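Participant: Numbering (the working numbering), first residue to last: 1 to 656.
What follows is a single structure, and I will ask about it in a moment.
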């Protein structure tokens with residue numbers, strides 16, 4: 001479906017890709033992996049024809065359609081969630097207008113025997129068939145199904161997109177792509193703004209999708225559950241494995257070990273051969289043997305070991321200044337947006353050096369409470385007290401979006417650095433993998449992971465004794481996530497982490513705040529202890545009961561909606577069916593009349609006397625031939641009407 005041929009991309013004189021080739025086949029499930037900045041997002045842009053390579057080409061089949069979800073997007077405002085999502089059905093909406101026009105014509109015309117009437121029925125049938133094929137008859141219910149799956153509630157459907165955060169707007173764009181059903185989906189970090197329930201729904205959707213999927217994700221479980229092929233981008237080259245992510249990691253290690261062993265054996269052989277050459281050269285009688293060995297050595301295919309990019313984050317948080325014993329205390333706190341209550345009557349106390357995980361489904365208030373503690377938002381009621389000498393470092397979920405895109409990497413840090421830290425800005429950036437010319441890049445050209453690394457770097461500019469981290473692993477590659485966790489494990493201050501990533505949270509915290517049903521429940525112990533106390537295996541099961549209840553309610557609403565929708569469609573099709581039946585019946589009556597007239601003439605022509613008289617009158621045979629032509633023409637019209645009738649009967653049958 002997509003062929004990448006000898007593709008090269010240069011940025012600032014260096015190669016991002018060098019002579020890369022691969023194919024994307026129908027039904028492929030490909031995970032693009034590699035460190036932040038390796039070129040994963042750029043590759044998706046090139047596949048989506050959003051960016052041109054320096055050299056090479058990307059060939060796409062004529063009938064292949066693409067759906068591309070970038071990490072960052074500019075969204076249209078002013079429409080409701082439902083109306084904006086409905087724009088995915090451009091072709092279906094055009095067909096609706098045509099079908100409506102055809103219906104109006106069929107309702108007012110009475111020339112059932114005309115060719116133009118027959119053509120109108122054929123056009124109507126073709127339009128209905130195409131409309132059904134692209135999901136026109138289930139369009140409304142499909143939109144609801146996908147929006148529900150991505151975490152929207154029915155009351156959200158009529159809200160303007162302007163009211164939603166960037167993460168929720170991204171879900172709308174994702175919904176549009178899923179509904180368009182392209183031949184190839186190109187998805188760049190689709191799970192970054194999804195809760196666990198929505199991630200699971202998306203996994204099921206993509207696993208069963210009939211087209212190909214190429215995705216970038218740093219969620220190991222998501223990749224393992226969907227992909228069957230992994231393409232690693234490293235140092236300008238690609239390595240293609242017919243395996244999911246976990247299997248690819250194993251195969252990559254085995255491949256390098258085999259290469260290293262073969263390389264070591266070849267080096268020993270070459271060393272031994274060169275020793276013999278030097279030995280034989282010294283003797284005239286052995287000169288020919290030396291020349292033979294030299295030729296043999298020249299013919300050897302030298303084994304190369306794949307280069308490995310071992311660059312990693314190297315940082316640690318500054319020592320935390322000592323704070324009072326009570327860091328944060330909340331009494332009867334509540335947060336509301338208009339009439340919607342996020343949480344209420346909440347009491348808790350965070351003490352010095354505690355390490356707390358905020359868990360729960362989206363919309364329960366984890367990020368909201370983080371913002372309140374950080375001083376970004378205010379409470380609706382109650383009292384929240386920040387303790388003595390508490391210095392807060394806050395990493396927002398949209399931290400990367402807050403950065404000034406027009407500044408360079410160096411300016412972003414240098415502008416806020418103070419004192420001794422300012423003398424070491426380049427060294428600090430180097431430990432976050434911004435070395436050499438990379439410090440002069442503008443923020444707007446950085447990948448999502450690079451922006452997150454830069455935002456993390458800003459947290460090191462001064463010592464904090466309370467770190468609040470809201471989804472800090474979004475966009476970070478596997479290695480960077482491990483290094484961040486390692487640095488947080490060594491951090492000696494108080495830590496609050498909001499995350500859906502079980503691997504990241506495990507062992508990092510010693511207390512869990514569970515956000516559920518407008519309240520917060522405290523669980524002592526790490527994530528494993530919390531899961532055990534709730535008698536569940538993973539964070540996803542937190543929402544099983546809620547999801548089950550929600551799914552049951554949604555299913556009833558869906559059935560009610562579909563029942564009404566199908567009834568209306570059935571009535572429309574039955575009306576068209578009646579027109580088609582009338583046309584067929586009129587055809588059959590005319591055919592019967594013509595056949596009877598022809599039979600009468602055949603019988604008359606068998607009479608010698610009548611036949612003799614007919615030979616004298618040319619009009620008899622002219623009329624006879626005209627009747628046969630009329631019958632043949634009427635049979636052709638009947639055939640078209642009958643085919644149209646059968647297809648309409650089939651469509652009605654599907655809705656019965």
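Heads up, the beta-carbon is just placed ideally off N, CA and C, and yes, glycines get one too.
Since this is a predicted model, take the numbers as computed values, not measurements.
(1) Quick check: what's the CA-CA separation for residue 393 versus residue 472?
(2) Got a sec? Which residues, its chain only, sit under 8 Å from residue 167 by beta carbon, not counting five neighbours each side?
(3) So what does residue 523 bridge to, in DSSP terms?
(4) In the DSSP assignment, find the beta strand (DSSP E) that holds residue 337 and state where it starts and stops.
(5) What residues in its chain sit with their C-beta under 7 Å from that of residue 123, if we drop five residues either side in the sequence?
(6) Within the same chain, show all residues whose beta-carbon is closer than 6 Å to that of residue 645, passing over the 5 residues directly before and after it, in chain order.
(7) Could you give the C-beta distance for residue 390 and residue 327, rounded to a whole number, given that I count them as a contact under 8 Å?
(8) Using a Cβ-based criterion (distance less than 7 Å to any ligand heavy atom), does residue 368 qualify as near the ligand SAH?
(9) Under the DSSP definition of a beta bridge, which residues are partnered with residue 241?
(10) Leaving out five residues on either side along the sequence, give the residues of the same chain with a beta carbon under 6 Å from the beta carbon of residue 236.
(11) Kindly list the residues whose CB is nearer than 7 Å to the CB of residue 528, restricted to its own chain and excluding five residues on each side of it in sequence; keep chain order.
(12) Using the beta-carbon count (16 or more within 10 Å), is residue 386 buried or exposed?
(13) Return the CA-CA distance between residue 224 and residue 150, expressed in angstroms with no decimal places.
(14) What first and last residue would you give for the alpha helix (DSSP H) that runs through residue 140?
(15) Would you tell me roughly how many angstroms separate the C-alpha atoms of residue 455 and residue 483, rounded to the nearest one?
(16) At the level of alpha carbons, what is the spacing between residue 633 and residue 212?
(17) Unbroken alpha helix (DSSP H) runs of length 4 or more, entirely within the segment 50–120: which are they?
(18) Taking DSSP as the reference, what is the three-state secondary structure of residue 8?
(19) Figure out for me which residue from 572, 588 and 595 has the closest Cα to the Cα of residue 106.
(20) Using only the alpha-carbon positions, how far apart do residue 489 and residue 510 sit?
(21) Given that a residue counts as buried once 16 or more other Cβ atoms are within 10 Å of its Cβ, and exposed if not, what is residue 618?
(22) Where do the ends of the alpha helix (DSSP H) carrying residue 395 lie?
(23) Taking only three categories from DSSP, how would you classify residue 606?
(24) Given this structure, state the Cα-to-Cα distance separating residue 280 from residue 299, to the nearest angstrom.
(25) Would you decide whether residue 53 is buried or exposed? Buried here means 16 or more other CB atoms lie within 10 Å of its CB.
(26) Of the choices 331, 278 and 462, whose alpha-carbon is the least far from that of residue 321?
(27) Smallest Cα separation from residue 206: which of 196, 195, 184 and 218?
(28) Would you call the segment 131–142 and the segment 154–168 in contact, with 3 or more CB pairs under 8 Å?
(29) Helix, strand or coil: which one does DSSP assign to residue 619?
(30) So the alpha helix (DSSP H) residue 196 belongs to, where does it begin and stop?
(31) Alpha carbons only, please: which of 297, 501, 315 and 364 is nearest the one belonging to residue 517?
(32) Please state if the CB of residue 343 and the CB of residue 468 are separated by a distance shorter than 8 Å.
(33) In the structure shown, what three-state DSSP assignment does residue 158 receive?
Facilitator: Put simply:
(1) As a working note, residue 393 is residue 393 in the chain shown. As a working note, residue 472 is residue 472 in the chain shown. Roughly 13 Å separates the two Cα atoms.
(2) Within the chain shown, numbered from 1, the residue matching residue 167 stands at position 167. 192, 193, 397 and 398.
(3) Residue 523 sits at position 523 when you count from the first residue of the chain shown. Its beta-bridge partners are 512.
(4) Your numbering for residue 337 matches position 337 in the chain shown. Residues 326–337.
(5) One-based indexing of the chain shown puts residue 123 at position 123. These residues qualify, in order along the chain: 102.
(6) The residue you call residue 645 lines up with position 645 of the chain shown. So the list reads 580 and 584, once near-sequence residues are dropped.
(7) Here residue 390 corresponds to residue number 390 of the chain shown, with the count starting at 1. Here residue 327 corresponds to residue number 327 of the chain shown, with the count starting at 1. Contact annotation, residue 390 with residue 327: C-beta distance approximately 5 Å; criterion of less than 8 Å satisfied.
(8) What this structure holds is no ligand at all, so the ligand SAH is not there to describe.
(9) Residue mapping note: residue 241 aligns to position 241 of the chain shown, counting from 1. Residue pairing by DSSP puts residue 241 in a beta bridge opposite 230.
(10) Counted from its first residue, the chain shown places residue 236 at position 236. Answer for residue 236: 15, 17 and 18, listed in chain order.
(11) Position 528 of the chain shown holds residue 528. Correct list, in chain order: 506.
(12) In the chain shown, residue 386 corresponds to position 386, counting from 1. Looking at its Cβ environment, which holds 16 or more other Cβ atoms inside 10 Å, residue 386 is buried.
(13) For the purposes of this step, residue 224 is taken as residue 224 along the chain shown, with counting starting at 1. For the purposes of this step, residue 150 is taken as residue 150 along the chain shown, with counting starting at 1. Each residue's Cα considered, the two are about 20 Å apart.
(14) Counting from 1 along the chain shown, the entry for residue 140 is found at position 140. Element bounds for residue 140: 139–149.
(15) Counting from one through the chain shown, the residue named residue 455 turns up at place 455. Counting from one through the chain shown, the residue named residue 483 turns up at place 483. In a straight line, the C-alpha of residue 455 is about 15 Å away from that of residue 483.
(16) By one-based count along the chain shown, residue 633 stands at place 633. By one-based count along the chain shown, residue 212 stands at place 212. Answer to the nearest angstrom: the Cα atoms are 47 Å apart.
(17) 81–86 and 90–108
(18) In the chain shown, residue 8 corresponds to position 8, counting from 1. Note: residue 8 maps to strand in three-state DSSP.
(19) In the chain shown, counting from the first residue as 1, residue 106 sits at position 106. Ranking the options by Cα distance to residue 106, first place goes to 572.
(20) The residue given as residue 489 occupies position 489 in the chain shown. The residue given as residue 510 occupies position 510 in the chain shown. Cα-Cα distance, rounded: 11 Å.
(21) In the chain shown, the residue the question calls residue 618 occupies position 618. Exposed is the call here.
(22) Translated into positions along the chain shown, residue 395 becomes position 395. Element bounds for residue 395: not the alpha helix (DSSP H) but the beta strand (DSSP E), 392–395.
(23) Sequence index remark: in the chain shown, residue 606 carries index 606 (1-based). Note: residue 606 maps to coil in three-state DSSP.
(24) The residue given as residue 280 occupies position 280 in the chain shown. The residue given as residue 299 occupies position 299 in the chain shown. For residue 280 and residue 299, the distance between alpha carbons rounds to 19 Å.
(25) As a working mapping, residue 53 is identified with position 53 in the chain shown. When all chains shown are included, residue 53 counts as buried.
(26) The residue labelled residue 321 in the question sits at position 321 within the chain shown. Of the candidates 331, 278 and 462, the one whose C-alpha sits nearest the C-alpha of residue 321 is 462.
(27) The sequence position of residue 206 within the chain shown is 206, counting from 1. Among 196, 195, 184 and 218, the Cα nearest to that of residue 206 belongs to 184.
(28) no
(29) For this step, residue 619 is matched to residue 619 along the chain shown. Looking at residue 619 - three-state DSSP - the assignment turns out to be helix.
(30) In the chain shown, the residue the question calls residue 196 occupies position 196. From DSSP, the alpha helix (DSSP H) with residue 196 extends over 196–207.
(31) Against the chain shown, residue 517 aligns to sequence position 517. That would be 364, whose Cα lies nearest to the Cα of residue 517.
(32) The residue given as residue 468 occupies position 468 in the chain shown. The residue given as residue 343 occupies position 343 in the chain shown. Not closer than 8 Å, so no.
(33) Taking the chain shown and counting its residues from 1, the one referred to as residue 158 is at position 158. Coil at residue 158, not helix or strand.
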